[in-house]
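A.B. asks: My questions all concern the structure below.
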Amino acid sequence: MSTESVRSTLYLEPALHQALRIKAAAAHRSMSDIVNDALRQALREDEEDLSAFSERGGEKVLSYEEFLAQLK
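One point on numbering: in our numbering, the residue at position 6 of the sequence shown is -1, and numbering is uninterrupted.
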């Protein structure tokens, strides 16, 4: 864990909390490290999606019907 951490309270579903505790124990890692890694990955995926939307912003918009016609 980073030396510059911020303490935060999260409310997890009981089954998720139990799964996280088991994974942390099995991996010899802290629950915080696992949650931080999962959040980083989720935010990275969001950033990739936003980048793709931005890159395709100038493309012609197709209606659903036009798209289906192109598939035929």
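Here a beta-carbon is modelled for each residue, glycine too, at the ideal position from N, C-alpha and C. All figures in this text were calculated on a predicted structure; none of them were measured in a lab.
1) Could you have a look at R22 and say whether DSSP puts it in helix, strand or coil?
2) Given E52, which residues of its chain have a CB within under 8 angstroms of its CB, disregarding the five upstream and five downstream residues?
3) For the 8 angstroms Cβ check, are there 3 or more pairs between the region 3 to 15 and the region 24 to 31?
4) Express the C-alpha separation of T2 and Q63 in angstroms, rounding to a whole number.
C.D. replies: Reading off the structure:
1) coil
2) Within its own chain, no residue has a Cβ closer than 8 angstroms to the Cβ of E52 once the five positions on either side in sequence are excluded.
3) yes
4) Going from the Cα of Q63 to the Cα of T2 covers about 50 angstroms.
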